[in-house]
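Participant: In my numbering, the protein residues as written are 1304 to 1607.
Built from N, CA and C at the ideal position, the CB exists for glycine as well.
Here the structure is a predicted model, which means the values were calculated and not measured.
Starting off with a structure, shown below.
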Ligand SMILES: C[S@@+](CC[C@H](N)C(=O)[O-])C[C@H]1O[C@@H](n2cnc3c(N)ncnc32)[C@H](O)[C@@H]1O
């Protein structure tokens, strides 16, 4: 392993704003960000207060109130965390967590947050598959999935981060999901008037992943809020969508278009439909740009 990578791995171990495979964090993020903001070091995770909506009703402590006042947003497959950092700068009254497996990438976003003193941004190094272990029911307000690997091979479809297998995981902690206490149809806005509650955003340059995700939304009857296969050609653009990530700059898919979908995971996702999905997605074509991408990705993965 390269020396630079080792230095970055060692650095994030010392950063208060990076947690690697954290234990016992469910329901504690409001208290964690409170401690981060007060420059506590080290942060005593075991003794952080748990706060959730139920607790708020019975125990309206300042920490519990803070949990409701400061919405929590995740950036999944965050890489260097451009969205976690960009949104953290835009919305100082909200908290943001980037999740990625690769410590050397997370190091970049975590270092920027430290340098700029942004205490509303943190990172979790882990597989996304483990996220239900880290967040309590209703603890997360919204999710951004930014340029995830499209997993172009049909046989790898279950690894796509918008496959129902993953959506079922997100439902366990995202507000407004099935059987949850909050009704997503009751619009909940942040202080800037932007709807955030229970929303999943996907930004990708992969037409295949875009079309796959639309099929999932259609087949499982999910609430589609917005879609475009050419974001920057839209008459009005959500300013959050203007944040550019490292992979966006690479334009690996060579589609020359950024695709964007905004939706709720507001229905049960019956496992019985997964087989139908498997059949349906065989028809989604992969264009020449996507093939180029697959080759470029394979070459990049070999180098890393
Ligand atoms: C194509 S990169 C995109 C990074 C960043 N969002 C960007 O746009 O520059 C995909 C990222 O997803 C991460 N990733 C892929 N599968 C993952 C998983 N199951 N759990 C955690 N991270 C994952 C990779 O480590 C990688 O950093």
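Can you confirm whether the region 1396–1403 touches the region 1460–1477 when touching is taken to mean that 3 or more C-beta pairs between the two stretches lie within less than 8 Å?
Facilitator: The region 1460–1477 vs the region 1396–1403: no contact.
Participant: Is the region 1419–1434 close to the region 1314–1322, with three or more CB pairs under 8 Å?
Facilitator: Short answer: they touch.
Participant: Give the range of the beta strand (DSSP E) segment to which residue 1446 is assigned.
Facilitator: It spans 1445–1449 - the beta strand (DSSP E) in which residue 1446 sits, taken as one unbroken run.
Participant: Would you check whether ligand 1 has a heavy atom nearer than 7 Å to the C-beta of residue 1405?
Facilitator: Answer for residue 1405: yes, Cβ within range of ligand 1.
Participant: Whose CA, out of 1568, 1437, 1528, 1551, lies closest to the CA of residue 1561?
Facilitator: Taking only the C-alpha atoms, the option nearest residue 1561 is 1551.
Participant: Tell me whether residue 1490 sits in a helix, a strand or coil according to DSSP, three-state version.
Facilitator: For residue 1490, the pLDDT reaches just 46, beneath the cut-off of 50, and the residue's location in the model is therefore unreliable, although a value from the coordinates is still provided. Coil, per DSSP.
Participant: Quick check on residue 1344 - is its C-beta less than 8 Å from some C-beta in chain D?
Facilitator: Protein chain content of the structure displayed is limited to a single chain, and chain D is not contained in it.
Participant: Considering just the uninterrupted stretch of the alpha helix (DSSP H) at residue 1524, what are its terminal residues?
Facilitator: From DSSP, residue 1524 is part of no alpha helix (DSSP H); its letter is neither H nor E.
Participant: DSSP beta-bridge partners for residue 1563?
Facilitator: Paired residue(s): 1506, 1531.
Participant: Please report the straight-line C-alpha distance between residue 1496 and residue 1309, rounded to a whole angstrom.
Facilitator: Distance between the alpha carbons of residue 1496 and residue 1309 is about 43 Å.
Participant: Can you round the beta-carbon distance between residue 1525 and residue 1567 to whole angstroms, since I take them to be within the 8 Å contact cut?
Facilitator: About 6 Å separates the two Cβ atoms, so the contact holds.
Participant: Between the region 1569–1581 and the region 1512–1528, can you find at least three pairs of beta-carbon atoms closer than 8 Å?
Facilitator: Enough Cβ pairs lie closer than 8 Å, so yes.
Participant: Where do the N-terminal and C-terminal ends of the beta strand (DSSP E) with residue 1376 fall, by residue?
Facilitator: Start and end: 1375–1379.
Participant: Tell me the rounded alpha-carbon separation between residue 1391 and residue 1445.
Facilitator: So the two alpha carbons sit approximately 13 Å from each other.
Participant: DSSP has residue 1335 in a bridge; who is on the other side?
Facilitator: Note: residue 1335 sits in no beta bridge, so no partner.
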